[in-house]
Amino acid sequence: MKRIYMDHAATSPLDAEVLKAMEPFFSEKFGNSSSLHSFGKEAKGGLDWAREKVAEAINAKPKEIIFTSGGTESDNLALKGIAYAYRSKGNHIITTKIEHHAVLHTCEFLEKNGFDVTYLGVDKYGFVDLDELRNAITDKTILVSVMHANNEIGTIEPVEEIGKICRENGVKFHTDAVQTAGKVPIDVEKMNIDALSISGHKIYGPKGVGVLYLREGTSLEPQTLGGGHEFGKRSGTENIAGIVGLGKAMELAVKRMARESVRLALLQDKLSDKIQERVDGVKLNGHPEKRLPGNANFSFDFIEGEGLIMHLDMEGIAASTGSACSTKSLEPSHVLTAIGLSHVQAHGSLRISLGKDNTEEDVDYLVGVLPPIIKKLREMSPLNKDNVKEFENFGDSEHKH
Amino acid sequence: MYGDKVMEHFRNPHNFGELKDADAVGKVGNPTCGDLMWIYIKVGKNEKGEEIISDITFKTFGCVAAIANSSILTDMVKGWTLEKAEKVSKEDLLKEMDGVPPIKIHCSILAADGVKAAIKEYREKKRKE
Ligand SMILES: Cc1ncc(COP(=O)(O)O)c(C=O)c1O
Ligand code: FES
Chain A
1170 MKRIYMDHAA
1180 TSPLDAEVLK
1190 AMEPFFSEKF
1200 GNSSSLHSFG
1210 KEAKGGLDWA
1220 REKVAEAINA
1230 KPKEIIFTSG
1240 GTESDNLALK
1250 GIAYAYRSKG
1260 NHIITTKIEH
1270 HAVLHTCEFL
1280 EKNGFDVTYL
1290 GVDKYGFVDL
1300 DELRNAITDK
1310 TILVSVMHAN
1320 NEIGTIEPVE
1330 EIGKICRENG
1340 VKFHTDAVQT
1350 AGKVPIDVEK
1360 MNIDALSISG
1370 HKIYGPKGVG
1380 VLYLREGTSL
1390 EPQTLGGGHE
1400 FGKRSGTENI
1410 AGIVGLGKAM
1420 ELAVKRMARE
1430 SVRLALLQDK
1440 LSDKIQERVD
1450 GVKLNGHPEK
1460 RLPGNANFSF
1470 DFIEGEGLIM
1480 HLDMEGIAAS
1490 TGSACSTKSL
1500 EPSHVLTAIG
1510 LSHVQAHGSL
1520 RISLGKDNTE
1530 EDVDYLVGVL
1540 PPIIKKLREM
1550 SPLNKDNVKE
1560 FENFGDSEHK
1570 H
Chain B
2 MYGDKVMEHF
12 RNPHNFGELK
22 DADAVGKVGN
32 PTCGDLMWIY
42 IKVGKNEKGE
52 EIISDITFKT
62 FGCVAAIANS
72 SILTDMVKGW
82 TLEKAEKVSK
92 EDLLKEMDGV
102 PPIKIHCSIL
112 AADGVKAAIK
122 EYREKKRKE
């Protein structure tokens, strides 16, 4: 059976060119970049090259690029590192309710350690309200962290305006750009960004490697101590092959961005139109235009997402859902609840995230197999438009215990 | 994550849909994740004159395990006397499911509650008649 991968927001396949760039750095150029000999220099060469590629991609300086083990570590390092470095200035942090858990759980950790965190809500599209942000800033505020684009619903936040507000108030601004780097233009100067997280595996690069951009002059308390690698901000012998892979992936992504983002946006439009044409009781979550190219997030009335994903998988399509039944906590996605979806609507969510190998044919195939699956699951569901009101928030935390 | 039997029943569930002129419907749900299940029964008599479940169907809003256990349980208790069906044990149902992850146990036994609720409703209805 043919398999079609449509879950690129989760991870993406390694590009063949990236693999080729990485290969020499495993056993041929295996040196330790800190060594003085020629082996060390070869490794250092790869490291410097990748640093430059990433810096170029976001209009930063190479010395502002810190390599990490991925998006999660970058988020952790940015939040904890900046919070502790500016602790004497204040203890207030502002973020949003729709951040990735790498940010949210780090904020919860900071709350347990003497910091106050404000979690801004979002509107029905997932946008942060700029006035609310302005009002939340106090003289104790040291850091604002708002993601560039949301990984579930694809909404692209107004980071340039947020950066401006932070700059005016003398507050550091971090953005989680794991979903946007290499896909949407980023200019850390124009956007007034002080810290920014990137992950390799979302852009056809390797897993387990990421970047924290940190503006020159921004203080950071290192979270990993040791030999003083990465300008003393993140010790540990570098994962050179991975870093070179990330550099190559970024170079390719930037080169392909203009064409690929238009192609993916058109494919996603087609997908959304066709699904809404062929299935009743479906809504597109997120904003119709200001969203990640290739991201489509739907809610189908009266059905549950895990079953939907498994049926699609049996048809060869890989996608994901924010249903409570699919999470480790058995709670629905915090993003879907933050945009005002009921428990039942969150159950019926389906995220399609298209990528470089997806074609019009793939979209046609999905649009063909989806309606009968929805129909079958609805025939099996006790919910319908007459009784859904009664049950729409069944399973809500308030109903528990 | 799931065993073959669960996947087979999920893929091709038995006994789903509304049962026309059901004698009773057991409506249960589980606030853990918000699943809902309706179990429809028709009651008949066996040769000994005991009341039995002569037909049974389900409607389920829930995950793969919830759908599969609805199918497996309805297969299991069809033809059982009400007395036996009302004592159906969650352990037996779980055993029939043949392997579900711990996090899915709450919905893998829900159909047992559903059939009990349906029998209870049937008995209450009859008492009122
Ligand atoms: C928005 C966002 N932030 C952070 C991460 C974590 O990145 P990583 O998987 O590289 O740790 C992800 C991906 O899972 C993400 O989508
Ligand atoms: S029905 Fe929600 S986890 Fe099974």
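One line per chain: the protein sequences are A and B, in this order.
Residue numbering for the first sequence follows this note's numbering, starting at 1170 and increasing by one per position.
Residue numbering for the second sequence follows this note's numbering, starting at 2 and increasing by one per position.
Heads up, the beta-carbon is just placed ideally off N, CA and C, and yes, glycines get one too.
Predicted model, so just to flag it, every value in this text is computed and none were measured.
Is the stretch 1520-1529 of chain A close to the stretch 1542-1549 of chain A, with three or more CB pairs under 8 Å?
In short, these stretches do not touch, since the Cβ pair count stays below three.
Using only the alpha-carbon positions, how far apart do residue 1395/A and residue 1404/A sit?
Within the first sequence, numbered from 1, the residue matching residue 1395/A stands at position 226. Within the first sequence, numbered from 1, the residue matching residue 1404/A stands at position 235. A direct Cα-to-Cα measurement between residue 1395/A and residue 1404/A gives close to 5 Å.
Less than 7 Å separating the Cβ of residue 1368/A from some heavy atom of ligand 1?
The residue labelled residue 1368/A in the question sits at position 199 within the first sequence. Yes - ligand 1 has a heavy atom lying nearer than 7 Å to the Cβ of residue 1368/A.
Is it buried or exposed for residue 1261/A, if we count other Cβ within 10 angstroms and need 16 for buried?
Here residue 1261/A is taken as the residue at index 92 of the first sequence, counted from 1. Buried is the call here.
Ligand 1 heavy atoms versus the CB of residue 1271/A: any closer than 7 Å?
Counted from its first residue, the first sequence places residue 1271/A at position 102. Checking every heavy atom of ligand 1 against the Cβ of residue 1271/A, one is found closer than 7 Å.
Using beta carbons (cut-off 8 Å, strictly below), is residue 1512/A in contact with chain B?
Taking the first sequence and counting its residues from 1, one reaches residue 1512/A at position 343. At least one chain B Cβ lies under 8 Å of residue 1512/A.
Where in the stretch 1444-1490 of chain A do unbroken runs of the beta strand (DSSP E), each at least 3 residues long, occur, reported from the N-terminal end onward?
Residue ranges of uninterrupted beta strand (DSSP E) with 3 or more members, entirely inside the stretch 1444-1490 of chain A and ordered along the chain, are 1451-1454, 1464-1469.
Any non-hydrogen atom of ligand 2 within 7 Å of residue 1477/A CB:
Against the first sequence, residue 1477/A aligns to sequence position 308. For ligand 2, no non-hydrogen atom lies closer than 7 Å to the CB of residue 1477/A.
Go ahead and label residue 1172/A buried or exposed: buried means 16 or more other beta carbons lie within 10 angstroms of its beta carbon, across all protein chains shown.
The count along the first sequence starts at 1 and reaches residue 1172/A at position 3. So residue 1172/A counts as exposed.
Is the closest heavy atom of ligand 1 to the C-beta of residue 1320/A under 7 Å?
Counted from its first residue, the first sequence places residue 1320/A at position 151. Flag set: Cβ of residue 1320/A near ligand 1.
For residue 1531/A, count the other beta carbons within 10 Å of its own beta carbon; 16 or more makes it buried, fewer makes it exposed. Which is it?
To locate residue 1531/A, count along the first sequence from 1; it is residue 362. Buried.
For residue 1270/A, count the other beta carbons within 10 Å of its own beta carbon; 16 or more makes it buried, fewer makes it exposed. Which is it?
Your numbering for residue 1270/A matches position 101 in the first sequence. The residue is exposed, with fewer than 16 neighbouring Cβ atoms inside 10 Å.
Nearest to residue 39/B by alpha carbon, out of 126/B, 128/B, 125/B, 111/B?
Against the second sequence, residue 39/B aligns to sequence position 38. Comparing Cα-Cα distances from residue 39/B to each of 126/B, 128/B, 125/B, 111/B, the minimum goes to 111/B.
Spell out whether any CB of chain B is found under 8 Å from the CB atom of residue 1236/A.
Taking the first residue of the first sequence as 1, we reach residue 1236/A at position 67. Chain B, which has no Cβ nearer than 8 Å to the Cβ of residue 1236/A, makes this no.
Residue 1497/A to residue 1439/A, Cα distance in whole Å?
As a working note, residue 1497/A is residue 328 in the first sequence. As a working note, residue 1439/A is residue 270 in the first sequence. Just so you know, the alpha carbons of residue 1497/A and residue 1439/A end up roughly 33 Å apart.
Which residues in chain B sit within 8 Å of residue 1548/A, going by Cβ to Cβ distance?
Looking up residue 1548/A in the first sequence gives position 379. Here the neighbours are 17, 18.
Would you say residue 1472/A and residue 1175/A are within 8 Å of each other, going by their C-beta atoms?
To locate residue 1472/A, count along the first sequence from 1; it is residue 303. To locate residue 1175/A, count along the first sequence from 1; it is residue 6. Between residue 1472/A and residue 1175/A, the CB-CB gap reaches or exceeds 8 Å.
Strictly by DSSP, which residues pair up with residue 1522/A?
Residue 1522/A sits at position 353 when you count from the first residue of the first sequence. Paired residue(s): 1176/A, 1464/A.
Short check: CB of residue 113/B to CB of residue 129/B, under 8 Å?
Mapped onto the second sequence, residue 113/B falls at position 112. Mapped onto the second sequence, residue 129/B falls at position 128. Against a cut-off of 8 Å, the Cβ pair of residue 129/B and residue 113/B comes out as no contact.
Can you tell me the Cβ-Cβ gap for residue 58/B and residue 16/B, rounded? I've got them flagged as a contact below 8 Å.
Within the second sequence, residue 58/B is the residue found at index 57, counting from 1. Within the second sequence, residue 16/B is the residue found at index 15, counting from 1. Residue 58/B to residue 16/B, Cβ: 5 Å. Contact.
Complete beta strand (DSSP E) runs within the stretch 1319-1372 of chain A (minimum length 3 residues, chain order):
At a cut-off of 3 residues, the continuous stretches assigned as beta strand (DSSP E) that sit fully inside the stretch 1319-1372 of chain A are 1341-1345, 1364-1368.
Contact set between the stretch 29-40 of chain B and chain A, restricted to residues whose Cβ is under 9 Å from the partner
Residues 30, 31, 32, 33, 34, 35, 36, 37, 38, 39.
Within the present structure, is the beta-carbon of residue 1416/A separated from the nearest heavy atom of ligand 3 by less than 7 Å?
As far as ligands go, the structure on display features ligand 1 and ligand 2 and does not contain ligand 3.
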